[in-house]
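Engineer:
Residue numbers (our numbering), protein chains in the order written: chain A, 33 to 147; chain B, 5 to 115.
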């Protein structure tokens, strides 16, 4: 298993500002994934972050809005830029099991409220 | 990736067995069926994974028929703490890339 820590756990932000979410894993992992979960909805994959390369974004998500850093094998950040109330969501960091089974481990999430 | 379809919600009572069925008609040969559980204010948690027939662990059982076009998650003797959203996913074994979550089933357990 992997232990994932996210910061902040929650925040209230003003429209037009940006917020960076940090994700720390207790083991070295190749891929890290960022998901968004809007209120009452399922999870939507934002992007996949590999160390040493640019993140791969899913349809509907762009780097200018959600820049991602992956400076090493245990850490990643997701920035939500120029926020609007529609960005109010839970943002979840996830990593793949080292056992190679395709299982995902998730952090507790970062709950953002944009006013 | 195979799309999954599962009931939006289910209700049951403590002590009952709950079966949640998921259909995945377009499952590929190398795909595995995986179930996750999500409690409020937490990230999803892996429950069980299988390829065919039956898989059982300390939490649940997973039944997969021969054609693999559907699967059933069975939770024995549920308790109030089993109230959660359950997601059925089809994933390529050994790769977590592009794992897509469906709508999930919101299970409510009553006393």
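Ideal Cβ placement from N, Cα and C applies to all residues, glycine included.
1. For the stretch 7 to 19 of chain B, which residues have a CB atom closer than 8 Å to at least one CB atom of chain A, in sequence order?
2. Skipping 5 residues on each side, what residues in its chain have a beta carbon closer than 7 Å to that of residue 46 of chain A?
3. Taking a Cβ distance cut-off of 9 Å, strictly less, list which residues of the stretch 41 to 56 of chain B are near chain A, in chain order.
4. Sort B:20, B:40, B:15 and B:8 by Cα distance to residue 138 of chain A and report the nearest one.
5. Specify the secondary structure class of residue 128 of chain A as computed by DSSP and reduced to three states.
6. What whole-angstrom Cβ distance do residue 124 of chain A and residue 75 of chain A have, given they're in contact under 8 Å?
7. Using only alpha-carbon positions, find the residue among A:122, A:99, A:58 and A:89 that is nearest to residue 42 of chain A.
8. Please name the residue in B:27, B:53, B:20 and B:19 whose C-alpha comes closest to that of residue 109 of chain B.
9. What are the residues in the stretch 69 to 95 of chain A lying within 7 Å of chain B by C-beta distance?
10. In terms of DSSP beta bridges, what is residue 82 of chain A paired with?
11. Can you give me the Cβ contacts of residue 89 of chain B inside the same chain, cut-off strictly under 6 Å, excluding the 5 residues immediately before and after it?
12. Which residues of the stretch 59 to 82 of chain B have a Cβ closer than 7 Å to any Cβ of chain A? Give them in chain order.
13. Would you call the stretch 77 to 84 of chain A and the stretch 94 to 104 of chain A touching, i.e. three or more CB-CB distances under 8 Å?
14. Do the stretch 9 to 24 of chain B and the stretch 84 to 93 of chain A make contact, defined as three or more Cβ pairs closer than 8 Å?
15. Can you check whether the C-beta of residue 103 of chain B is within less than 8 Å of a C-beta belonging to chain A?
16. Have a look at the DSSP bridge pairing and note the partners of residue 104 of chain A.
17. Are the C-beta of residue 98 of chain A and some C-beta of chain B separated by less than 8 Å?
18. Under the DSSP definition of a beta bridge, which residues are partnered with residue 39 of chain A?
19. Who pairs with residue 15 of chain B in a beta bridge, going by DSSP?
20. Within 10 Å of its beta-carbon, does residue 108 of chain A have 16 or more other beta-carbons around it, so buried, or fewer, so exposed?
21. How is the beta strand (DSSP E) around residue 143 of chain B delimited, first residue to last?
22. Nearest chain B C-beta to residue 133 of chain A closer than 8 Å, yes or no?
Structural biologist: Once the coordinates are examined:
1. none
2. In the first chain, residue 46 of chain A corresponds to position 14, counting from 1. Same-chain partners within the cutoff: 147.
3. 42, 45, 46, 47, 48, 49, 50 and 53
4. Here the question's residue 138 of chain A lines up with position 106 in the first chain. Ranking B:20, B:40, B:15 and B:8 by Cα distance to residue 138 of chain A puts B:40 first.
5. Counting from one through the first chain, the residue named residue 128 of chain A turns up at place 96. Three-state DSSP puts residue 128 of chain A in a strand.
6. If you number the first chain from 1, residue 124 of chain A lands on position 92. If you number the first chain from 1, residue 75 of chain A lands on position 43. So it is a contact: roughly 7 Å between Cβ atoms.
7. For the purposes of this step, residue 42 of chain A is identified with residue 10 of the first chain, where counting begins at 1. Checking every option, the nearest Cα to that of residue 42 of chain A belongs to A:122.
8. Here the question's residue 109 of chain B lines up with position 105 in the second chain. Checking every option, the nearest Cα to that of residue 109 of chain B belongs to B:27.
9. 74, 75, 77 and 80
10. For the purposes of this step, residue 82 of chain A is identified with residue 50 of the first chain, where counting begins at 1. Bridge partners of residue 82 of chain A: A:63.
11. Counting from 1 along the second chain, the entry for residue 89 of chain B is found at position 85. Counting only Cβ-Cβ distances below 6 Å, and skipping sequence neighbours, we find 42, 108 and 110.
12. none
13. yes
14. no
15. Within the second chain, the letter at position 99 stands for residue 103 of chain B. Residue 103 of chain B counts as touching chain A.
16. In the first chain, the residue the question calls residue 104 of chain A occupies position 72. In DSSP, residue 104 of chain A forms a bridge with A:107.
17. Taking the first chain and counting its residues from 1, the one referred to as residue 98 of chain A is at position 66. No, its Cβ sits nowhere closer than 8 Å to a Cβ of chain B.
18. As a position in the first chain, residue 39 of chain A is number 7, starting the count at 1. Residue 39 of chain A pairs with A:54.
19. Walking along the second chain from the start, residue 15 of chain B turns up at place 11. Answer is B:112, bridged to residue 15 of chain B.
20. As a position in the first chain, residue 108 of chain A is number 76, starting the count at 1. Residue 108 of chain A comes out buried.
21. Since the first residue shown for chain B is 5 and the last is 115, residue 143 of chain B is missing from the structure and cannot be characterised.
22. Locating residue 133 of chain A in the first chain gives position 101, where the first residue counts as 1. At least one chain B Cβ lies under 8 Å of residue 133 of chain A.
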